[in-house]
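In what follows, a single structure is set out as structure tokens and then discussed.
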Amino acid sequence: MSKPFLTYHTSENDAISGERIVLEARKLSKPTAISDKTSRHGAQRVKADKAEAWIERAYVAGTRKF
Amino acid sequence: MAESLQKHVCPCCRSSNITLDTGSGMLICNSCGVRWPLAEEQIRAGGTPFLSSAGTTPTTLIEGEKTEITRFRMFTTPEVLTEISNLRTEVNALKATVSEIKTELKGAKRDLTEEIRVVEVKEMTIEEARPLVEEFLRKYLKENKQVYPSDVADELGLKYELVKEIFDILEKEERLKRRGG
Numbered sequence: 003m004s005k006p007f008l009t010y011h012t013s014e015n016d017a018i019s020g021e022r023i024v025l026e027a028r029k030l031s032k033p034t035a036i037s038d039k040t041s042r043h044g045a046q047r048v049k050a051d052k053a054e055a056w057i058e059r060a061y062v063a064g065t066r067k068f
Numbered sequence: 025m026a027e028s029l030q031k032h033v034c035p036c037c038r039s040s041n042i043t044l045d046t047g048s049g050m051l052i053c054n055s056c057g058v059r060w061p062l063a064e065e066q067i068r069a070g071g072t073p074f075l076s077s078a079g080t081t082p083t084t085l086i087e088g089e090k091t092e093i094t095r096f097r098m099f100t101t102p103e104v105l106t107e108i109s110n111l112r113t114e115v116n117a118l119k120a121t122v123s124e125i126k127t128e129l130k131g132a133k134r135d136l137t138e139e140i141r142v143v144e145v146k147e148m149t150i151e152e153a154r155p156l157v158e159e160f161l162r163k164y165l166k167e168n169k170q171v172y173p174s175d176v177a178d179e180l181g182l183k184y185e186l187v188k189e190i191f192d193i194l195e196k197e198e199r200l201k202r203r204g205g
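If you read the protein sequences in the order shown, they are chains A and B.
Numbering-wise, our numbering comes out as the position in the first sequence, counting from 1, plus 2.
Numbering-wise, our numbering comes out as the position in the second sequence, counting from 1, plus 24.
Take a look at the structure:
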């Protein structure tokens, strides 16, 4: 599953954060809604077994056309 | 002062364990506690509808809904009471069924939205895949301002690594650029 363009961090508590994270896993749980009294916006959490995830950046059209 | 009566039947629970309170002239069911005036017995025998002397509703030992039911019972026959009781049971059963269906529907909707889309990944070289990716991007960027490699990989059924590699090439050729980068 390893991808050559990725830098792997495999220690506990290593984290990634980004506007879009792609997650590949053998098994994904159903999303669980998480919220508390102080959080304004709800969030969801999934658990992934045997997984890898990476941050993805968006691309826009360049100066040259296709 | 109270005396026990065998010939009367409770309109609520059909018990014949009835006591007459001679002081108030009320019949009292010893099983469920419902009280009703002795004159009510005339209605069941085919008499005119009875309203208690002061125009008030009879009292019950149980408050709330029971009082409401008892008030209604004052003007009905045992057959109607049985019918009402049956309808009430039916309505409760239907309510339970509707609630069950609602829960099932909610679950089904959730399952539908979470259904896994299976993408069969095609084995391709960069040379084979690049025209497909370019064609896709040409159309996609007309309708969208930005594109993620994962969108392309999923839509075209290509390996993510392959699409990323093509994106890198297109970025070098200045056909694509990282947003904000």
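Where a beta carbon is used, it is the ideal one built from N, C-alpha and C, also for glycine.
In this text, all values refer to a predicted model and were calculated from it rather than measured experimentally.
Check                                                                                                                        : Outcome
Residue burial classification, B/PRO155 (beta-carbon count within 10 angstroms, cutoff 16)                                   : exposed
Selection of the region 168–181 of chain B by Cβ proximity to chain A, strictly under 7 Å                                    : LYS169, GLN170, VAL171, TYR172, PRO173, SER174
Chain C contacts made by the region 39–66 of chain A, where a contact means CB separation under 7 Å                          : Structure shown: chain C not included; protein chains present are A and B.
Of the residues B/ILE193, B/VAL33, B/GLY49, the one placed nearest B/LEU62, counting alpha carbons only                      : B/GLY49
Cβ pair count under 8 Å reaching 3, the region 186–197 of chain B against the region 29–43 of chain A                        : no
Under the three-state DSSP convention, the category A/TYR61 falls into                                                       : strand
Sub-8 Å separation of B/ARG199 and B/GLN170 beta-carbons                                                                     : no
Neighbour list for A/LYS5 in chain B, Cβ cutoff strictly below 9 Å                                                           : TYR184, GLU185, LYS188
DSSP state of B/ASP45 mapped onto helix, strand, coil                                                                        : strand
Closest residue to B/VAL143 among B/LEU129, B/VAL115, B/ASP135, B/GLU179 (Cα-Cα distance)                                    : B/GLU179
Best match in A/ILE57, A/ALA53, A/ALA35, A/ALA17 for proximity to A/ARG47 [C-alpha to C-alpha]                               : A/ALA35
Continuous beta strand (DSSP E) stretch holding A/VAL24: start and end                                                       : 23–30
Residue range of the unbroken beta strand (DSSP E) whose run includes A/ALA17                                                : A/ALA17 -> no beta strand (DSSP E), and no H or E assigned at all.
Touching by the beta-carbon criterion (3+ pairs, under 8 Å), the region 119–136 of chain B and the region 145–154 of chain B : no
Distance between B/ARG112 and B/PRO73 (C-alpha atoms, nearest Å)                                                             : Only weak support is given to the placement of B/PRO73: the predicted model assigns it a pLDDT of 41, under 50, and the value that follows is read from those uncertain coordinates. Taking the straight line from one Cα to the other gives about 23 Å.
Endpoints, the alpha helix (DSSP H) within which B/LYS163 is located                                                         : 150–167
Three-state secondary structure (DSSP) of B/LYS130                                                                           : helix
Within-8 Å CB hit, B/GLU200 to chain A                                                                                       : The sequence given here places Leu at residue 200 of chain B; Glu does not occur at that position. Chain A, which has a Cβ nearer than 8 Å to the Cβ of B/LEU200, makes this yes.
Inter-residue spacing [alpha-carbon to alpha-carbon] between A/GLU54 and A/ASN15                                             : 14 Å
Inter-residue Cα distance where the pair is B/LEU44 and B/LEU118                                                             : 39 Å
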